[in-house]
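Undergrad: The sequence shown runs 17 to 163 under our numbering.
Glycine residues also receive a C-beta, built at the ideal position from the N, C-alpha and C atoms.
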Amino acid sequence: MRWLGVLVLLVGLVSCQSATPKACVVIRAVSLEAGFKVNDTDSPNVTIQKGDCIEFVNADPSLSHTVQTKPFSNPPEEIPAHNLPYEPYSFRKVFNIAGEYEYICSLTTNNVVHARTMYGKILGTRQKPHTSVQFCFPSFWGKEKLT
């Protein structure tokens, strides 16, 4: 009988989970002149919640790029240097600690345009507190949620 209770509890918990995981925010290395861009915006900066994922992608057909933590910026955790040779290659990172992360492309460049454009900021905020209690009930026809 005890196992039946545990089984019912597990089914109830599973029914509350989201069917699809949240997609990563994409930051593209567009070009040397344009720099990094978040999704389809003109900004290299983004605010995410703690636990969210960023995917860095090289969308520049003419150059290889790198992504890494800006030196001496004291982020909560490092973005390790990753080479992005061309578009099929990407790098994903989950940000588990809230805080400010400054990222750049390359340390070894004498190109002034590169230093001016290939950088950005990720602000990781704490997750929003729940303001209501959610009860999920498994159903034969789908999920029913009461708040």
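Using alpha carbons as the reference points, say which of Asn74, Phe107, Val73, Ile113 lies closest to Asn90.
TA: Ile113
Undergrad: Whose C-beta lies closer than 8 Å to the C-beta of Val46 among residues of the same chain, with five residues either side of it excluded?
TA: Phe52, Lys53, Ala75, Asp76
Undergrad: For Pro101, which residues of its own chain have a beta-carbon under 8 Å away from its beta-carbon, when the five flanking residues on both sides are left out?
TA: Asn74, Ser80
Undergrad: Should Lys66 and Arg142 be called a contact, given that it needs their Cβ atoms to be closer than 7 Å?
TA: yes
Undergrad: Going by DSSP, what residue range makes up the beta strand (DSSP E) through Leu100?
TA: Per DSSP, the continuous beta strand (DSSP E) segment holding Leu100 begins and ends at 98 to 100.
Undergrad: Which runs of the alpha helix (DSSP H) fall wholly inside the segment 32 to 119 and span at least 4 residues, in chain order?
TA: none
Undergrad: Only counting the same chain, and skipping five residues up and downstream in sequence, which positions put a Cβ closer than 7 Å to that of Asn55?
TA: Closer than 7 Å at the Cβ level, and outside the excluded window around Asn55, lie Val41, Val42.
Undergrad: Going by C-alpha distance, which of Glu103, His130, Val62 is nearest Gly115?
TA: Among Glu103, His130, Val62, the Cα nearest to that of Gly115 belongs to Val62.
Undergrad: Using the DSSP secondary-structure output, state which residues sit across from Thr133 in a beta bridge.
TA: Note: Thr133 sits in no beta bridge, so no partner.
Undergrad: Closer than 7 Å, CB to CB, is Glu94 near chain D or not?
TA: Going by chain labels, chain D is absent from the structure shown, which holds only one protein chain.
Undergrad: Please report how far the alpha carbon of Arg44 lies from the alpha carbon of Phe72, in whole angstroms.
TA: 6 Å
Undergrad: For Ser122, which option in Ser59, Ala39, Pro87 has the closest C-alpha, if you only look at C-alpha atoms?
TA: Pro87
Undergrad: Between Thr82 and Ser106, what straight-line distance do the alpha-carbon atoms span, to the nearest angstrom?
TA: 10 Å
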